[in-house]
Structure formats: structure tokens, C-alpha cells
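Reading through the C-alpha cells given below for one structure.
Residue numbers (our numbering), protein chains in the order written: chain W, 975 to 1464; chain P, 975 to 1464.
Printed below as a string of C-alpha cells:
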């Protein structure tokens, strides 16, 4: 069978694009930079959403919904925020079309110009803090722990499916607190939710860390992040949690009467992950045959393919396949029987490999006689024949094993591609090879910028678990007290 | 305790607004016509979404996501569609803001004008059919049964929370079929899903019917709808399912190779319900004390309020309340214990009445001695004392009974407010009183328009279950073959 994907070694970037399209995950739309998320891709996103939503609710958060549009003037209120978002936003200026008598078709009705332009939200801090102003009078109204599932728009010039699109789907949490400590605790708690989700569901090991001043969110005091390493040695920021201090409370004049009866500005956090996680999921585990999905997020965990030549064999194998499906479904496993008579088994095998279905079961006439079934693992591409009457114990255990194995593979890959580097020569060599570079940095944004200009590598984060260690900046030789993680990134 | 709501008899419209605000369901935002859906309102919407999503999936549909923006030119493709939506749409013309050196703040950057304006989707037929063109080559690619959960924007001039807002949340199904019959069957199947959902979950009886030519969706051949009657005698359209024929396939040139090897245009349906259902839910059942929620959609089905004077009583009643909560939770019932010591029981009672929690349990020192508990129903405002050890049988049964009783009450209200009217004099009197008017109509759009101008009543639908019956049009006296439903509406 001809390979449907460009191989990773040949062209990693093309491999990714091929895979997203061929596995029916997403495609580009008629609108520049906006994607269509196809049913199979969306089914994975729904599983991501369901798990995260459960985790947010278990940590005391509730969902709500705020407007898509933000009045232009709101953006001017927080000085750094405007710098970050004004240059790449979709602006609504009119509210009506009319017939274009000259050129045909439709044109904007000039009489329907908005008094104040509206921005399609790139993120919702401003509209939400303008709303919180009315909700918060006293410490009794705090904390507010709200999350929103929404679409947002950032007018990116270079877009890539899932990784960077003009419109994307995400969740954005926006919380309000009495004290700085409580807000910081919330920021860290969510970082833990994100890293737990990444490691246990996406099966992607992540480094928890702090962004540098130049990489932090526009309007934040501190941005915490989780950083993952892709198979091509590039880093991907998989989630961020911001401690906003009192910046937005001051910009929108949100004060509360404290327990001591004083008027205080409210403390804030915001945090989000997006459909970008789909890109991370794809790139972290997949291979030249297609998608590799961790069982925890696979829309179909098991597919059963009947093998037959005669109509009698077709009936018999299909019946057995459906019986097996029913027994596995009772265990909470999602199973599909592909009993289409229009496609050959080999075609089906390739299709489910491409789509990353974790386990493929094949049952033929000999299996019917012997009470056996062939089980193929997507991650290792290995097969074994087992007894049918052991399926209800073997399959759940195997799915658990695969979830762990896929994580461990990614963990080992990262371990093998994380390098302690202490000289600039070594840095220059390593940065071309890819991977995480753990190196000393003098803490100066100018040095950070210089390194980026010279190597395209950025500081991904200052890891939270890095212990103090004296050293010299890898670029300037100036004193440094801890290592940071450099990498080229998505 | 002072009433927090305007009464329905005093001012129904103000009662509705008061209720939406005071029960913490939604509020107006800083953006004209756009609402903030607050956590309690959103929790109800999440329950609506979960049930509908399950029903769509059980009937073979999958979810996907299409772009928020639609190129302006797409709207000109389908002649009726453009008439319906061009006059009330948000238009994106630019993609960047810049500093306004003259006036301060920000202004649109004139150099960042889009080549073609983008419309914020008011509905997605055009962008979706433009996408389907690439997905459909042969009958093997059909049917496509896709649903999308999304936000949409229609620039309404007069808005009301949930009922009519510039931005609202909804689901929109878009299906593609080989034959006209199959598409019509799909349209009707979804109408059944909607009516089942309305009656079994929202507890609102609905009339299934067909819209007249002038009331149908812009671009449809036929629009089916479910129509509900609110307590003020006005009708509310609660969901629509459109048979689009080949209109959009022709507009976007979507053809398929048929089983007979011919090139044919694809047949289409679309269907949707929105956050408007929240308005229906509120108006159908609620009373002057606040929201009345059917148990099937209540975020909290049961609240337990401890009654105490001493710290010992507080501890004892709270402990018992939590034990009861745990036993009910095991039955899948959502329960909250309000053990706040900062609010009095009377305040809590009023609060949960306002928020429509179906069952309120109160447990005091005497109950502790006697093993009893007070159970109060929100719908009837009746109370009874029962034995604590019967709660796990009584409560589930009571929630089921309430769900049915709330539906029956609405059903009886509708029966009492549906009138067969055969003369114009009677029509004029009845229309002022409100309710559904079942009357003969000559089938002429001009008559329909005349009646609307004279009475503000519109034809809500031609009921599907109306049998043929000869009669004379209530307005013109011309021949008619079946009755239709008139009402003033939301």
C-alpha cells in the first residue's frame, strides 16, 4: 500500500499538514486563517473539553458566557494589553449590508456605521473585568471562579491548522480574589490542572515554568506555562496561567470592601488552553503511518474488522464482532465494528492506522474455529493472538498500558533531547539539532533578545523545579543563578 | 419578606426582566444587545445542551466546527438568504487598530482594510455548503449529518435577554442527502427530537407545524417549527427545522454522482434551537416568587437548609443534612446543603424559591428528635413532613411527579387558552385576550399580512396534525381547507 503521508524525516512540516488533512481532523476554510474542524477532529476536542471541564468543576469553577464583541475603548484601558492585541484584531465597523447597484452583489451600508467600533474578542479580560465591576462590592462577593468555553480571533499572518489560526476555540478562566496570595495560589492550582491533564490524558510530559518578562501575557504580572517537546525537537507552549495582579482591577476600577472595611482593588488571574492542544497531541505521538492517539482521548478506542471470503463467513464473523463490541461497551470502552462489505480488510487497517484508533481487532474464520482473535496495537504496530474469552480482561488492561507507554515514550524522547549546555559554541551546535537546552542566562531581556536574533531560540520558561545553581550566562558570561530552558518553538 | 419581583399581573414584561436579573440568569453587557449569561443561567443551558447533544448523537449526528466569519460574497449566492440576513449583520472591515494621535486611544488602521469584508455568521448555511462542495463527490459521501454548537450574531434593533439578543448561542444542524425524501425525513426526525425535548425536558407542550411562505427561513423550501404558548398568552417559536431543497447546493454548486451515475444536486436540511429556549423555559412555568424549573433541567434539584439556634444544633443538623445529601447523590440527584451561618433560613428559602430549586428540605432540632424532615415543592409551594428514612424513595418519585405536573399544568393552560374562532368579530376580541387562535385562512399571503397589520397576530404555524376541514377564511370569507394557528408572538 502506498504511503499516504510524507514521512517525518523527509519533511516534518509537510508530514503534519498531510496528517491533519488525511486523518480528517481539520482543513483550511474559504476564510483566510480560519479552519474547519472536521467531525473526527472535533470528537477528539470534545473529549479534551469534557475532561478539562470536569477538572475545572472539581476545583470549584463554574462556566458562564461573555460577549463576543469588545468595545474598542476597553482595549486602551490596560496599557500592556493593548500593545499585545491591537495589532492583530478583527474590527466590526458596520451592522448592515446593502445592494451594490454599481458592481452587483452586496456592499457595506455606509449609513450603518457603528458609533464605536467593536473588536472580536482575542481574549476576554477587558469585557469580563468591566462586568465584574458590577458583581463585586465586598469580600463576600469573592472569590469569583469563572471559566468560559468560547471562540476567539487573533489576526495571525502566518497560520497553521490547530497550531496558529485566526479563529480558534479555547477555554479562558477569569478569577477574582481578595488577596495576592490567593490569586497566586489559583494561578498555580490551574497550572497543576493543566500539567496533570497534559500528562495523564494527552500523554505528553510537560515542564512547568515561569515566562520571562518579554514572553509573558500582555497585562500579566507573571505568566506560568506548561511547555512540551515535539518530535522535531521544537517546543510547544501548551497552556498558560496568568497572575494579573491588580492590573485589570485598576484599569476597570474594580474595588471591594475588605474584611477590615478598607477599599481595595481586586486581585486577578486568567488561564487558558486552546485547540492548539490538538496540534500538540498530533505532533507528540504520531508516526509516518498516521495519528497515534492515547486511549484516554480516542473517540473510538477499539475497532473490530471481520475477515471473510464467503457470505456465511461474513455473517458469522460480523455477528461475533458485534457480540464482542457489546461485551466491551459494558466496560465503558468505545468500540466500532467496521462491517462494510465495500472495503477490503487491508484498506480498513490502513484507514484506522491513519486515524490512530488504539486497538484493532481482526477476526476471521480460523479465529471462529479456534476461539481466538488478533489484537494489533497502534502505538507499537505489534500484533498478538489472544483467546476471545480473555478480551474483557486483556483489552482494558492493554488500553491502560498503552496510555502509560505512549507517555513513557514521549518522556524518554524528551529526556534524550534535553541538554545541559554551558558554552556558546555548544549552544550554537545544539540549537540546530533541536530539543530543550538547559542553560544559564544573565536575566537581561537584551541578552534574551540577542540570543533569539542569533539562533531563533527563545526562553521557553524558567522551570519551577530548577534549583538555584551558580553559573555564567551562556551568551554573555555574566553571573546567573539558575538555568532556564531554551528552544526553537511553534 | 418584600417581593423582589414585579408581579406578572402588574407588568408581565417587567416581571420577566426582573426574574432574569434577580435569579442570576443573565444580564445586559456593555455591548449593545449582547448578554452576559451568568453561571446559574449557563448551568441550565449546559443541561439543555447535554440532553440535546445526546439526542442528536443517538440519531446519528456528529459535531464539527465551521468558521465564525463568512465572506461577504457568499451571501449574494442564495437570493432569499441574502434578503433575510444582509440587513442585520455585523461586518468586519479591518484587521488592526493603531494609536489615535489626535484624539487619544485607538483607531482603526486604514492600511489594514480587508480586501473582502467578512460577516459574523448569522447562520452558517453558506460557509458550510461552500465546504461541503469539497466533501461530496458521490452518493457514497452521503448523507452528511453534522451539527455545530456555536455563537451567532444578528443585529437586532430591539433586544431582550434570551428572547432576542444580538449575539446568541445555539446549535445548527446541516445535513446533506441523496434524495428529497430522505432530506424531508431528516427534517421531520429533528422536529420530533425538538418536540420530545421540549415536552420531556423543558416540560413545555408544543404544536408541531409548518410555517407559511412569509414566515419560513430565508432560503428554505419549507420550515417546520415547534410553537409554545407563554403565560401571557403570547406564542414563542421554540425551534425550527428547514427543508432547504437544492437551493444551497445550487448556490454553491454541490453535485454528486448518483447510484445511476448521473450528476445531481444534493438535498439539504438545516435546523436549530438557541438560548431562546431559556426564555421559553422561564416564561412557561415561573411565578411571582421566581423561577420554576422542571427537575430534569435544574442544576440543583434539591437544597437542604438546616434550622438551628445553638452551635450544637447547627453541628447536628448540618451533619444530618450532609448525610442525606450523600444518600441522594448516590441516586444521581443533584443536592446542595446550604450550611452558611451568615444567612437566616427565611432568606435562604426566598433565595431558592427565586432560583427555582425544585425541592427544598428543611431540618431542625425537632426533626432530629423525631426522624422527620420538611419537604417543600417549588412548583406548588406546598410542604409536607416525611420520615427521613423514606427520603431515598420519596425524593426521586417526587421529582418525577413534579416533572409531569409542571408539564401538565402548562398543557392545561394551553388547552384553556386555545380557541376555535370562526368570525372576525370573535377574532378581534380573542386576539386582545391572548392565546392560540385556531381559525380558517384562505392561504393568501396578502390576507396573512392584512391580519398582522390589523391585529399584530401572525400565523404561528399550519399544525401537522390538523385534519382537512372545509371552512371560510376568518378575515376574507374565502374558502379554506384547514385551520391554522394565529397568535401574537415573541
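Ideal placement from N, C-alpha and C gives every residue a C-beta, glycine not left out. Nothing here was measured: the structure is a model prediction, and the numbers come from that model.
Would residue i pass as a contact of residue j if the rule is Cβ separation under 8 Å?
i               : j               : result
residue 1041(W) : residue 1094(P) : no
residue 1146(P) : residue 1253(P) : no
residue 1030(P) : residue 1104(P) : no
residue 1213(P) : residue 1195(P) : no
residue 1359(P) : residue 1375(P) : no
residue 1271(P) : residue 1366(P) : no
residue 1061(W) : residue 1092(W) : no
residue 1307(W) : residue 1373(W) : yes
residue 1082(P) : residue 1256(P) : no
residue 1353(P) : residue 979(P)  : no
At a Cβ threshold of 8 Å, is residue i touching chain W?
i               : result
residue 1230(P) : no
residue 1328(P) : no
residue 1032(P) : no
residue 930(P)  : This structure leaves residue 930(P) out entirely; chain P is present only between 975 and 1464.
residue 1101(P) : yes
residue 1037(P) : yes
residue 1394(P) : no
residue 1020(P) : yes
residue 1012(P) : yes
residue 994(P)  : no
residue 1077(P) : no
residue 1310(P) : no
residue 1359(P) : no
Does residue i have its Cβ less than 8 Å from a Cβ in chain P?
i               : result
residue 1169(W) : no
residue 1129(W) : yes
residue 1458(W) : no
residue 975(W)  : Note that residue 975(W) has pLDDT 49, beneath the 50 cutoff, so the model's placement of it is unreliable and the number below is only indicative. Residue 975(W) does not count as touching chain P.
residue 1248(W) : no
residue 991(W)  : no
residue 986(W)  : no
residue 1003(W) : yes
residue 1016(W) : yes
residue 1302(W) : no
residue 1120(W) : yes
residue 1112(W) : no
residue 1271(W) : no
residue 1043(W) : yes
residue 1447(W) : no
DSSP beta-bridge partners for residue i?
i               : result
residue 1239(P) : 1229(P)
residue 1410(P) : 1392(P)
residue 1334(W) : 1277(W), 1350(W)
residue 1432(P) : 1461(P)
residue 1214(P) : 1199(P), 1246(P)
residue 1418(W) : Partner(s): none; residue 1418(W) has no beta bridge.
residue 1072(P) : 1081(P)
residue 1122(W) : 1146(W)
residue 1209(W) : 1203(W), 1463(W)
residue 1037(W) : 1121(W)
residue 1134(W) : 1138(W)
residue 1446(P) : 1453(P)
residue 1093(W) : 1044(W), 1065(W)
residue 1437(W) : 1183(W)
Does the beta carbon of residue i come closer than 8 Å to any beta carbon on chain C?
i               : result
residue 1117(P) : In the structure shown, chain C does not exist; the protein chains are W and P.
Could you tell me which whole alpha helix (DSSP H) segments of length 4 or greater appear in the region 1336-1406 of chain W? 1339-1344, 1365-1390
Decide if the region 1214-1227 of chain W is in contact with the region 977-992 of chain P; the criterion is three or more beta carbon pairs, one per stretch, under 8 Å apart. Contact between the region 1214-1227 of chain W and the region 977-992 of chain P is absent, because fewer than three Cβ pairs lie under 8 Å.
Please determine if the region 1186-1204 of chain P and the region 1131-1141 of chain P are in contact, where contact requires at least 3 C-beta pairs separated by less than 8 Å. no
So does the region 1294-1313 of chain P actually touch the region 1268-1279 of chain P, counting three or more Cβ pairs closer than 8 Å? yes
Can you list the alpha helix (DSSP H) stretches of 4 or more residues lying completely in the region 1140-1198 of chain W, in chain order? 1154-1174
For the 8 Å Cβ check, are there 3 or more pairs between the region 1397-1415 of chain P and the region 1445-1464 of chain P? Judged by Cβ distances under 8 Å, the region 1397-1415 of chain P makes contact with the region 1445-1464 of chain P, as three or more pairs qualify.
Inside the region 1001-1035 of chain P only - alpha helix (DSSP H) runs reaching at least 4 residues: 1013-1032
Can you confirm whether the region 1044-1056 of chain P touches the region 1014-1027 of chain W when touching is taken to mean that 3 or more C-beta pairs between the two stretches lie within less than 8 Å? no
With three or more beta-carbon pairs closer than 8 Å as the criterion, would you say the region 1262-1275 of chain P touches the region 1374-1383 of chain P? yes
Spell out a yes or no on whether the region 1167-1179 of chain W and the region 1227-1234 of chain W are touching, meaning 3 or more CB-CB pairs, one atom from each, closer than 8 Å. no
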